[in-house]
Amino acid sequence: MTRIPPFHFAFPVRDLEDARRFYGGLLGCPTGRESDQWIDFNLYGHQIVAHLSPCSDKKSTNHVDGEDVPVPHFGVILEWGDWEKLVRKLQEAQCQFLIKPGVRFKGQAGEQTTMFVSDPSGNALEFKAFRCAEDIFAQE
2 MTRIPPFHFA
12 FPVRDLEDAR
22 RFYGGLLGCP
32 TGRESDQWID
42 FNLYGHQIVA
52 HLSPCSDKKS
62 TNHVDGEDVP
72 VPHFGVILEW
82 GDWEKLVRKL
92 QEAQCQFLIK
102 PGVRFKGQAG
112 EQTTMFVSDP
122 SGNALEFKAF
132 RCAEDIFAQE
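First residue of the sequence shown: 2, per our numbering; consecutive thereafter.
See below:
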């Protein structure tokens, strides 16, 4: 896979300690700088920042390959083996999946594994892996 520059994403959370337990504890994201209003996390080399802020309960979805995908959401594309390790870790922690781990676009260009979870503030995260990394932007 071609190395891409790390992205930065800031998102609202209701409680910073809940965010620390979820991102730092469950997902294993190291922390960076922080204050009483925000925490930087290293999500697989990308900088995500949990900002203390009221969260909206408004939820929306789009239908994708038979699943109602939460919108908005963010996440990371992992190597296949790393994705499988994360699935096991989340299952062992009895994490509730918004969309259970599975394969999307089976047998097509862009075949991928995917799963969705929610953080304690209701932010949806997707973790996926592609059968062929060159197919990340495949158009069928």
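Glycine included, every Cβ here is placed at the ideal spot set by N, Cα and C.
Item to check | Residue from Glu-80, Lys-107, Val-118, Ala-130 with nearest C-alpha to Gln-95 | outcome: Numbered from 1 along the sequence shown, position 94 holds the residue referred to as residue 95. Closest option to Gln-95, Cα to Cα, is Val-118.
Checklist entry - Opposite Glu-68 in the DSSP bridges: which residues? => result Here residue 68 refers to the residue found at position 67 when the sequence shown is read from its first residue. Listed as beta-bridge partners of Glu-68 by DSSP are Val-65.
Item to check | Residue burial classification, Phe-8 (beta-carbon count within 10 angstroms, cutoff 16) | outcome: Residue numbering aside, residue 8 sits at position 7 when the sequence shown is read from its first letter. Phe-8 comes out exposed.
Checklist entry - How many Å lie between Gln-92 and Ala-20 at the Cα? => result Start at 1 with the first residue of the sequence shown, and residue 92 comes out as number 91. Start at 1 with the first residue of the sequence shown, and residue 20 comes out as number 19. Each residue's Cα considered, the two are about 19 Å apart.
Item to check | Bridge-paired residues (DSSP) for Trp-39 | outcome: Mapped onto the sequence shown, residue 39 falls at position 38. DSSP lists His-52 as partners of Trp-39.
Checklist entry - Could you give the residue range of the alpha helix (DSSP H) that holds Ala-20? => result Locating residue 20 in the sequence shown gives position 19, where the first residue counts as 1. Ala-20 -> alpha helix (DSSP H) spans 17 to 20.
Checklist entry - What number of angstroms, rounded off, separates the C-alpha of Thr-115 from the C-alpha of Ile-100? => result As a working mapping, residue 115 is identified with position 114 in the sequence shown. As a working mapping, residue 100 is identified with position 99 in the sequence shown. Cα-Cα distance, rounded: 8 Å.
Checklist entry - Between Tyr-24 and Leu-79, which are expected to be in contact by the criterion C-beta below 8 Å, what is the C-beta distance as a whole number of angstroms? => result Start at 1 with the first residue of the sequence shown, and residue 24 comes out as number 23. Start at 1 with the first residue of the sequence shown, and residue 79 comes out as number 78. The pair is not a contact, with the Cβ atoms about 16 Å apart (cut-off 8 Å).
Checklist entry - The beta strand (DSSP E) with Leu-126 in it runs from where to where? => result For this step, residue 126 is matched to residue 125 along the sequence shown. Leu-126 -> beta strand (DSSP E) spans 125 to 131.
Checklist entry - Going by other Cβ atoms of all chains shown within 10 Å of its Cβ, with 16 needed for buried, is Asn-124 buried or exposed? => result In the sequence shown, the residue the question calls residue 124 occupies position 123. Buried: at least 16 other Cβ atoms inside 10 Å.
Checklist entry - Which value, in whole angstroms, describes the spacing of the CA atoms of Trp-39 and Leu-87? => result Numbered from its first residue, the sequence shown carries residue 39 at position 38. Numbered from its first residue, the sequence shown carries residue 87 at position 86. Each residue's Cα considered, the two are about 25 Å apart.
Next on the checklist: Helix, strand or coil for Leu-99? Go by DSSP, reduced to three states.
Outcome noted: Translated into positions along the sequence shown, residue 99 becomes position 98. The three-state secondary structure of Leu-99, taken from DSSP, is strand.
Next on the checklist: Could you compute how far the alpha carbon of Arg-22 sits from the alpha carbon of Ser-36?
Outcome noted: What you label residue 22 is simply residue 21 of the sequence shown in a count that begins at 1. What you label residue 36 is simply residue 35 of the sequence shown in a count that begins at 1. Straight-line Cα distance between these residues: approximately 16 Å.
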